[in-house]
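K.L.:
I'd like to ask some things about the structure below.
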Amino acid sequence: MTDNQLLCAVIQTVSGADLEQNLASAAESVNDASVAGAKLVLLPENFAFMGLRDTDKLALMEEPGSGPIQDFLAEQARRHGIWLLGGSIPLRAPDGRCFASLLAYDEQGTLRARYDKIHLFDVDLAGGESYRESATIAPGAKPVLVESPWGGIGLSICYDLRFPELYRHYAGASLLVVPSAFTVQTGRAHWETLLRARAIENQAFVLAADQGGKHANGRETWGHSMIIDPWGQVLAVQEGGAGVVLAELELGQLAQIRARLPVLQHRRL
Numbered sequence: 259m260t261d262n263q264l265l266c267a268v269i270q271t272v273s274g275a276d277l278e279q280n281l282a283s284a285a286e287s288v289n290d291a292s293v294a295g296a297k298l299v300l301l302p303e304n305f306a307f308m309g310l311r312d313t314d315k316l317a318l319m320e321e322p323g324s325g326p327i328q329d330f331l332a333e334q335a336r337r338h339g340i341w342l343l344g345g346s347i348p349l350r351a352p353d354g355r356c357f358a359s360l361l362a363y364d365e366q367g368t369l370r371a372r373y374d375k376i377h378l379f380d381v382d383l384a385g386g387e388s389y390r391e392s393a394t395i396a397p398g399a400k401p402v403l404v405e406s407p408w409g410g411i412g413l414s415i416c417y418d419l420r421f422p423e424l425y426r427h428y429a430g431a432s433l434l435v436v437p438s439a440f441t442v443q444t445g446r447a448h449w450e451t452l453l454r455a456r457a458i459e460n461q462a463f464v465l466a467a468d469q470g471g472k473h474a475n476g477r478e479t480w481g482h483s484m485i486i487d488p489w490g491q492v493l494a495v496q497e498g499g500a501g502v503v504l505a506e507l508e509l510g511q512l513a514q515i516r517a518r519l520p521v522l523q524h525r526r527l
């Protein structure tokens, strides 16, 4: 692997209500990714915990900078010498709710960035499927771009994927990451289309780590975690179940595509 290449991994989980079991499973997958040579690893939304009730996560929310989930992420990044992006974890918000926070750790286990999910999934889908994330989650306030050895990484979480204006804040980034827990209904209809659109319109690699199966609380998530190149081609995907998706990114492709089709330079609005 040259300096112009990056082997990355997105991890798909089927998380439940047992924190220790979820972390043990995540550790095994991170180890598998590291053994394969991955230097950047993305975990999905809610990788550490999906409770039986939406309010269950409030009992596990951590203070920023301190807590078992944060310690786990830092230790895993340091142990394997990788950049590790921890899907979303519950961090305490001032109003008694939590933030759904994506934390990025470098190979030393140092926290390099925190992004709080901006767009909350308050929807009523067909068949009586209903969600109210805002009942327990406080919205974030700003986009976050973190600089890495491979260029800028634009951070987002799940429902953010439907808001292209967020990703325009990341114009010029090398990678966009989308840890998620997409429902089967919305995932089947829109997941891949939206991910490929974000890659194409921003001419960036997209890493999408999803939950992928039937959870203890009865919820079923779509899976299909994937890695997409700046031309919108799917490089690797896992349809269902827990697993690790690996792909080698040719970072030189970014400059080539942006030079041949300079849409980011042609923006007028």
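With my numbering, you'll find the sequence shown wraps up at 527, consecutive numbering, no jumps.
Idealized CB from N, CA, C, for every residue including glycine.
All figures in this text were calculated on a predicted structure; none of them were measured in a lab.
(1) Can you pull the DSSP bridge partners for Met484?
(2) Return the first residue and the last residue of the beta strand (DSSP E) that Val404 is part of.
(3) So Leu281 and Gly345 are in contact, right, with Cβ under 8 Å, and what is the actual spacing, rounded?
(4) Enumerated in chain order, which unbroken segments of the alpha helix (DSSP H) with a length of 4 residues or greater are wholly contained in the stretch 380-463?
(5) Check each candidate in Val435, Arg477, Glu459, Thr313 and name the one with the smallest Cα separation from Gln443.
(6) Curious, which full-length alpha helix (DSSP H) runs of at least 4 residues does the stretch 290-346 contain?
(7) How many angstroms separate the CA atom of Gln263 from the CA atom of Leu343?
(8) Tell me which same chain residues have a C-beta within less than 8 Å of the C-beta of Glu450, skipping the five on either side of it?
(9) Could you pull out every residue in the same chain whose Cβ sits closer than 7 Å to the Cβ of Ala466, ignoring the five residues on either side in sequence?
(10) Could you spell out where the alpha helix (DSSP H) holding Gln511 opens and where it closes?
(11) Is the stretch 370-380 touching the stretch 323-332 in the sense that three or more CB pairs, one from each, lie closer than 8 Å?
(12) Can you tell me which of the three DSSP states Val521 falls into?
(13) Contact check, Leu434 vs Tyr428 under 8 Å by CB: the rounded distance?
(14) Mapping DSSP to helix, strand and coil, what is Val502?
(15) Gln263 lies in the beta strand (DSSP E); which residues open and close that run?
P.N.:
Reading it off the structure:
(1) According to DSSP, residue pairing for Met484 in a beta bridge involves Ala466, Val495.
(2) For Val404, the uninterrupted beta strand (DSSP E) run begins and ends at 403-406, by DSSP.
(3) Between Gly345 and Leu281 the Cβ distance is about 12 Å, and since that is not below 8 Å, they are no contact.
(4) Entirely contained in the stretch 380-463, the alpha helix (DSSP H) runs reaching 4 residues are, in chain order, 422-426, 450-460.
(5) Measuring from the Cα of Gln443, the nearest candidate turns out to be Arg477.
(6) If we require 4 residues or more, the alpha helix (DSSP H) runs fully inside the stretch 290-346 come out as 326-338.
(7) If I take the Cα positions, the gap works out to 19 Å.
(8) Here the set comprises His482, Met484, Val492.
(9) For Ala466, same chain residues with a beta-carbon under 7 Å away, outside a window of 5 residues either side, are Val268, Val436, Ser438, Leu453, Ser483, Met484 in chain order.
(10) Going by DSSP, Gln511 is part of the alpha helix (DSSP H) stretching over 510-518.
(11) Too few Cβ pairs lie closer than 8 Å, so no.
(12) Here Val521 sits in coil by DSSP.
(13) Your pair Leu434 and Tyr428 checks out as a contact, with CB atoms roughly 6 Å apart and the cut at 8 Å.
(14) For Val502, the three-state secondary structure derived from DSSP is strand.
(15) Its beta strand (DSSP E) spans residues 263-270.
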